[in-house]
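Under mature numbering (1 follows the signal peptide of the UniProt record, and there is no 0), the residues of the sequence shown are numbered -24 to -1, 1 to 233, in order. Input: a single structure, listed below in structure tokens.
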Amino acid sequence: MRKAPKLALVLHCLLLYAGITSLAATVSPSPPTPKKGVQIIKRMYSTWKGKWYPNFAFEQKAIFYEGDKITKEETWQEVYAQPGNLHIRFNGFDSGNGVVFAADSVYQFKDHKLHSRQYQIHPLVLLSFDVYFTKPESTLEKLQSLGFDLSKTTEANWKGRAAYVVGTTDASDSQSPQFWVDKERLYVLRVLTNNKGNTRDVEINNYQQIEDKWVATEIVFKTNGQTTLREEYFNISFPTQVNKDWFDLEKFSTTKW
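Dropping the structure here:
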């Protein structure tokens, strides 16, 4: 049995989320370009309210890097349910290792037992899912607490897609906390945070249409410009219902989906 990654590495890797989805509906011609991050968040919410898929399950290949070399690969199982619930298992349910995100906290389990708890707003869960289910005022408050300057915006291209950039007025800025949103489809493309000079840049790539929904099938995590983790998603599904027990800390050891 492989040991679970240390909490610091897990939290870095999970700066994300595993799988991003949206309905693949055609968005009507957009209104004038919003100038502030507040307007962009409100547009994301109003455009997809009641349309964004609330549950998401998948497996992922987690590929870890040091320098330019792959150091190890693992398979994780993940399930999300709005708002803000994410359960991740490392290398199968029988390993007893994983994390649960709930109520703006992360709970780490080792050998089926709760190992640690830490307050943490998950930026990718917030911007990829919760933004469409919770009131904009709540999302905006959390984004500000994470250090995003919502008064600063610009526009740029991200791998061929026009994007809004929130958190900086310079798209070449690689230091300021910022997030990039697809201008047409209004889903997140990139999230960059800065913790005391250490930048973590998350690229959300390779969107595909699966069951008429947009899904990002690859996420790349970089620290100070160096790739540290690449995630590849497969066995993707969209449950019509989820069991609340999957996010119950007392039932971690018996949880399977």
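Every residue gets a Cβ at the ideal spot worked out from N, C-alpha and C, and that includes glycine. Keep in mind the model is a prediction, meaning the values are calculated, not measured.
For residue i, the nearest candidate out of the options (CA to CA)
i, options, result
"LYS37", "GLN53, VAL191, TRP28, LEU225", "GLN53"
"LEU100", "ASP177, LEU225, ASN133, THR145", "ASP177"
"ASN200", "GLN217, LYS12, THR169, HIS98", "THR169"
"LEU116", "ASN181, ASP70, ARG19", "ARG19"
"VAL55", "PHE34, ASP44, PHE66", "PHE34"
"GLY179", "TYR83, THR203, PHE66, GLY173", "Note that residue 179 is Glu in the sequence shown here, rather than Gly. If we check each option's Cα against that of GLU179, THR203 comes out closest."
"GLU187", "THR216, ASN174, LYS172, ASN171", "THR216"
"THR175", "THR193, PRO153, THR230", "PRO153"
"GLY43", "ALA57, VAL75, LYS198, GLY173", "LYS198"
"SER92", "SER150, GLY74, HIS98", "GLY74"
"LEU62", "LYS45, ASP70, ILE97", "ILE97"
"PHE32", "SER229, THR193, THR230", "THR193"
"PHE223", "ASN133, TYR83, LYS172, GLN151", "TYR83"
"SER229", "ASP70, ILE46, PRO10", "ASP70"
"residue 234", "GLY173, ASN133, ALA132", "Residue 234 falls outside the range modelled here, since the chain spans only -24 to 233, and no answer is possible."
Residue i - containing beta strand (DSSP E), residue span
i, result
"LEU62", "61 to 66"
"TRP24", "Element bounds for TRP24: not the beta strand (DSSP E) but the alpha helix (DSSP H), 13 to 24."
"THR130", "129 to 134"
"VAL191", "189 to 199"
"SER229", "Taken as a continuous stretch (DSSP letters only), SER229 belongs to no beta strand (DSSP E), as it is neither H nor E."
"HIS91", "89 to 95"
"LEU168", "164 to 171"
"GLY74", "74 to 78"
"GLU42", "31 to 42"
"LEU205", "202 to 213"
"TYR108", "Run containing TYR108: none; DSSP gives neither H nor E here."
Contact set for residue i: own chain, Cβ-Cβ below 7 Å, skip 5 residues either direction
i, result
"LYS25", "TYR108"
"PHE155", "LEU103, PHE124, VAL142, GLY143, VAL164, ARG166, VAL167"
"TYR21", "VAL107, TYR108, PRO112"
"TYR95", "ASP80, SER81"
"GLN58", "PRO30, PHE105, ASP106, PHE109"
"GLN15", "none"
"LYS118", "ILE97, LEU102"
Own chain, CB closer than 8 Å to residue i, minus 5 neighbours either side, in chain order
i, result
"GLU49", "LYS37, ALA38, ILE39, PHE40"
"SER127", "LYS12, GLY13"
"LYS227", "ASP221"
"GLN120", "LEU126"
"VAL3", "The predicted position of VAL3 is uncertain, since its pLDDT is 45 and thus under 50; a value taken from the coordinates is nonetheless stated next. If we look at VAL3 and ignore the five residues flanking it on each side, its Cβ neighbours are THR23, GLU160, ARG161, LEU162."
"THR51", "GLU35, GLN36, LYS37, ALA38, ASN67, GLY68"
CB contact flag (residue i, residue j, <9 Å)
i, j, result
"ARG206", "VAL218", "no"
"GLY60", "PHE85", "no"
"GLY68", "HIS88", "no"
"LEU90", "LEU225", "yes"
Beta-carbon contacts of residue i that lie in its chain and below 6 Å, excluding the five residues immediately before and after
i, result
"THR145", "LYS128, THR130"
"ALA1", "Unreliable placement is indicated for ALA1, whose pLDDT of 35 sits below 50; no coordinate value is reported for it."
Where the alpha helix (DSSP H) containing residue i begins and where it ends
i, result
"VAL142", "Segment 137 to 142 is the beta strand (DSSP E) holding VAL142; no alpha helix (DSSP H) there."
"SER150", "Counting along the chain, SER150 falls outside any alpha helix (DSSP H), and DSSP gives it neither H nor E."
"GLN120", "112 to 121"
"SER104", "99 to 104"
beta-carbon residue i near the ligand COA non-hydrogen atom, thresh 8 Å
i, result
"VAL164", "With respect to the ligand COA, the structure shown offers nothing to examine, as it has no ligands at all."
The segment 153 to 170 contacting the segment 124 to 144, beta-carbon criterion three pairs below 8 Å:
yes
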